[in-house]
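**Student:** The structure follows.
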């Protein structure tokens, strides 16, 4: 018997809220950097820093997700091996390899 986890799907509302939140945060940051009373090179540096931060966050999220998925795959493989061992195990097998209660062929 294997316990297959139910695949969790995000709702359309959650997906929409996440996209909208990201868009609002990026727009607010861009407007804030644009309206900043500083030289153009300072604003450009801050804009590049924000873009670098966003790409780093996406990469980190992907790595964490990939590591979690690998852990689930390894766990499922280990569980399948254990299930196979338990199915093949006969606690009543005699040390000679014949199951208890049965005589080898040719001995009557």
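Residue numbers (my numbering): 24 to 131.
Don't be surprised by glycine CBs; every beta carbon is placed ideally from N, CA and C.
Compute the Euclidean distance between the alpha carbons of residue 109 and residue 88, then round it to the nearest angstrom.
**Tutor:** Rounded to the nearest angstrom, the two C-alpha atoms are 32 Å apart.
**Student:** Do the CB positions of residue 66 and residue 57 come within less than 8 Å of each other?
**Tutor:** Taking 8 Å as the Cβ cut-off, residue 66 and residue 57 qualify as a contacting pair.
**Student:** By how many angstroms is the C-alpha of residue 50 removed from the C-alpha of residue 40?
**Tutor:** Distance between the alpha carbons of residue 40 and residue 50: 15 Å.
**Student:** Using CA atoms only, rank isn't needed, just tell me which of 69, 85, 111 is closest to residue 53.
**Tutor:** When each option's Cα is compared against that of residue 53, the closest is 69.
**Student:** Can you tell me whether DSSP reads residue 24 as helix, strand or coil?
**Tutor:** Its pLDDT being 46, under 50, residue 24 is placed unreliably in this model, and the value from its coordinates should be taken loosely. Coil, per DSSP.
**Student:** What is the DSSP secondary structure of residue 87, reduced to helix, strand or coil?
**Tutor:** Helix.
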